[in-house]
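First up is the structure itself, then whatever we jot down about it.
Protein chains in written order, with our numbering: chain A, 902 to 1165; chain B, 902 to 1165; chain C, 902 to 1165.
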């Protein structure tokens, strides 16, 4: 019994995702289907990549991750399957799979070009249904990826903004704003852990906040830097919406500042 | 192991859909449940009918499609099951099932009136839970539809606006606006295919666009007519929201215009 | 094959819920997962409690209900499992489980403190993934609740506003506004049933409406009191949004008024 996750920017209000599931279940009736999200902002490859990287490590071995954020659908951008030691990733080769693959051993990449494993008639705009869903379904039934098409060497990669060190700490940026308004940065939690309590996050128009271990570690409505569940520091507001309050969005600058010790 | 799809206007924010699933799984524990959508605009039977017609053909044979957009709940409107060669459709008889049944051989229609296959106490407003979900669950376990109630001859039908031909092409209208803002028309793709590249879509206040095979076949922000994945031409904007940009909504007029050839 | 329901305020737009499901399926691969909702307003324990109470009675025996609306995550608030005769409830001990447990025989309460049944590394902010999901998964595989941690005697309870009787009827309040804009009150349906047709609901700024059995029992756009599917009277508007029209929200006052008989 295979497991397929689905991540798209198709939204939940139309029939797109349900239809992909119908296609999958016709091919692989015993597959378990799990939605990651379908509310990636339309065409936002970076947000999709982050969500896939944050969720995929928590799934059982041999999961097939089907991800479609595909503004180039209908152009000749490749459609691929990437096999790692523990999973398969199916999607357009536009950087969407990049972050999830970071640090993983890649065992093979194939282009989805064998029409035997796609729907008979390929629409111009819904490859999620016609190409990607059938490929994922066949993989989850055990089809070797090599059957799906020719090998592919280069994978388009999404630039990931690495933080840079400064005399007094680190400079980074917001990479994702979540449902609660928490602004997730590219600063790994361990940077704050290394500095102990003697550091602050600086952001926005000259604002700053301490690092805490719970939203409730600061008064109501006040900001706090939290070592986040994705491994990166987040700017949150106790029972508030940090991104709205401080106008934070992907790309907003953030600094982790070591406090000067008052002792010698 | 049966398969039931669910399509409603109940929204995702309350407990309505989850509760229907609980009712189904108490009756038919091994049923696979697939959501089509629950974000049909409240009471919008036409939108629900379109979504059901667009998705249902992609499901395995013997799927039970449970659809509830039911502004007349609590009035004496019939609740029905319609059996086709490949599926069962369960829902209110208010036109919601019409488009999905178009062109299909109907093997039988029954009214859901046997209280043995409903919850013991029928609420006034939640027949999705008390009447439709139990019926779908029993059908997915193999109950013959005839057990659910008496035969029913007339099925309420939803008017479908057929396109009309004009000297220079076809006149139609928008029938659905999707999550991406694409305006799906009632003009079948083959009308444009027959005309080749020598036609344009006209819409809104004297706007028009070419027919293309990808959103990216026009510059960023420009409109394009796309042969859509539901079989109908769509008006889209490359990385934009066509419906918002051109104020298109269901009922908006559209024309497919054959271009005059410059050659004799 | 176990069944786990999920109810959170995590929203559908990020990877949070999908990730919890990945964690569950790694531990209990054959579990059936049903979403109640993930759109509880952030931190709104009362709304979560109402949704859980409205849905949980409709699930099969031995269902595990996993509910996470947890503004105190990261503080020392207890995490618990509550066992009743027919189900297990897993969540933070902050009142969220209260309404669902009302009137049920509680067979045991345990704190989730055995690290053997949590993820190896507990984040500060995502106990849904690291603590609650693993516990629910192990329970659904049959683990006795006692293995999860020490017994716990007091359960935080959420105040439930009981209606109060008045000379001419009952005084209550709105407790939940649903997707359709219906304002669900704390007045049990039977209060209206007892009064027959000779009563009205009063609300807002001197407004009132009759009790009816269908939205369509009043003209379009007019309000009607409906004996609701959760067992409580609701204020609805025929094809309208009652809460918006009359500015009703949780806490808004409502009266059920017995009409004076004109006969002796």
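Every residue gets a Cβ at the ideal spot worked out from N, C-alpha and C, and that includes glycine.
So the beta strand (DSSP E) residue i belongs to, where does it begin and stop?
i: residue 1087 of chain B; result: 1084-1089
i: residue 1144 of chain B; result: Here residue 1144 of chain B belongs to no beta strand (DSSP E); instead the alpha helix (DSSP H) covers 1143-1147.
i: residue 1033 of chain A; result: No beta strand (DSSP E) contains residue 1033 of chain A, which DSSP labels as neither H nor E.
i: residue 990 of chain C; result: 988-993
i: residue 934 of chain B; result: 933-938
i: residue 1007 of chain B; result: 1007-1012
i: residue 1066 of chain A; result: 1065-1067
i: residue 1071 of chain B; result: 1070-1078
i: residue 963 of chain B; result: Run containing residue 963 of chain B: none; DSSP gives neither H nor E here.
i: residue 1109 of chain C; result: 1108-1111
i: residue 1128 of chain B; result: 1124-1128
i: residue 1103 of chain B; result: 1100-1104
i: residue 1017 of chain C; result: Residue 1017 of chain C -> no beta strand (DSSP E), and no H or E assigned at all.
Return the CA-CA distance between residue i and residue j, expressed in angstroms with no decimal places.
i: residue 1127 of chain B; j: residue 1104 of chain C; result: 51 angstroms
i: residue 1006 of chain B; j: residue 1056 of chain B; result: 14 angstroms
i: residue 968 of chain B; j: residue 991 of chain B; result: 6 angstroms
i: residue 948 of chain A; j: residue 1077 of chain A; result: 7 angstroms
i: residue 875 of chain C; j: residue 972 of chain B; result: Residue 875 of chain C falls outside the range modelled here, since chain C spans only 902 to 1165, and no answer is possible.
i: residue 1096 of chain A; j: residue 1159 of chain A; result: 7 angstroms
i: residue 1023 of chain B; j: residue 1132 of chain C; result: 12 angstroms
i: residue 1113 of chain A; j: residue 929 of chain B; result: 48 angstroms
i: residue 1035 of chain B; j: residue 974 of chain C; result: 38 angstroms
i: residue 983 of chain B; j: residue 1080 of chain C; result: 29 angstroms
i: residue 986 of chain A; j: residue 1008 of chain A; result: 7 angstroms
i: residue 1026 of chain A; j: residue 1037 of chain C; result: 40 angstroms
i: residue 955 of chain C; j: residue 1137 of chain A; result: 32 angstroms
i: residue 1205 of chain C; j: residue 993 of chain C; result: The requested residue 1205 of chain C does not occur in the structure, where chain C is confined to residues 902 to 1165.
i: residue 950 of chain A; j: residue 1044 of chain B; result: 45 angstroms
i: residue 1046 of chain A; j: residue 925 of chain A; result: 16 angstroms
i: residue 1154 of chain B; j: residue 1002 of chain A; result: 47 angstroms
i: residue 913 of chain C; j: residue 1093 of chain C; result: 37 angstroms
i: residue 1129 of chain C; j: residue 1010 of chain B; result: 30 angstroms
i: residue 953 of chain B; j: residue 953 of chain A; result: 29 angstroms
i: residue 915 of chain C; j: residue 1107 of chain C; result: 43 angstroms
Should residue i go down as buried or exposed, given a rule of 16 or more other Cβ atoms within 10 Å for buried?
i: residue 904 of chain C; result: buried
i: residue 1165 of chain A; result: For residue 1165 of chain A, the predicted model reports a pLDDT of 43, less than 50, meaning its position is unreliable and no value from the coordinates is stated.
i: residue 963 of chain B; result: exposed
i: residue 932 of chain A; result: buried
i: residue 1157 of chain C; result: buried
i: residue 1016 of chain C; result: exposed
i: residue 921 of chain A; result: buried
i: residue 1121 of chain B; result: exposed
i: residue 923 of chain A; result: buried
i: residue 1091 of chain C; result: exposed
i: residue 1083 of chain B; result: buried
i: residue 906 of chain B; result: buried
i: residue 1021 of chain A; result: exposed
i: residue 1004 of chain C; result: exposed
Counting along the chain, where does the alpha helix (DSSP H) carrying residue i start and finish?
i: residue 919 of chain B; result: 917-928
i: residue 999 of chain C; result: 999-1002
i: residue 949 of chain C; result: 946-956
For residue i, which residues in the same chain have their Cβ closer than 7 angstroms to its Cβ, ignoring the five residues on either side in sequence?
i: residue 1012 of chain B; result: 979, 980, 981, 1050, 1051 and 1053
i: residue 1152 of chain A; result: 1074 and 1075
i: residue 1029 of chain C; result: 909, 911, 917, 921 and 969
i: residue 1058 of chain A; result: 996 and 999
i: residue 1169 of chain B; result: Lying before the first or after the last residue shown, residue 1169 of chain B is absent from chain B, which here runs from 902 to 1165.
Excluding sequence positions up to five away, which residues of its chain have a Cβ less than 6 angstroms from the Cβ of residue i?
i: residue 1064 of chain B; result: 1071, 1073, 1087 and 1088
i: residue 910 of chain A; result: 941, 943 and 970
i: residue 1042 of chain B; result: 929
i: residue 1110 of chain C; result: 1102, 1124, 1125 and 1126
i: residue 1140 of chain B; result: 1121
i: residue 1116 of chain B; result: 1137 and 1139
In its own chain, which residues sit with a C-beta less than 8 angstroms from the C-beta of residue i, not counting the 5 before and 5 after it?
i: residue 988 of chain C; result: 957, 960, 962, 963, 964, 965 and 966
i: residue 1149 of chain B; result: 1075, 1078, 1084, 1104, 1105, 1136 and 1143
i: residue 902 of chain C; result: 931, 932 and 933
When you measure from the CB of residue i to every non-hydrogen atom of the ligand HEM, does any distance come out below 7 angstroms?
i: residue 1153 of chain B; result: The ligand HEM is not part of the structure shown, which contains no ligands of any sort.
Inter-stretch contact (C-beta, 8 angstroms, three-pair minimum) for the stretch 1064-1073 of chain A and the stretch 926-944 of chain A: no
At least 3 beta-carbon pairs within less than 8 angstroms: the stretch 1145-1155 of chain A vs the stretch 939-959 of chain B: no
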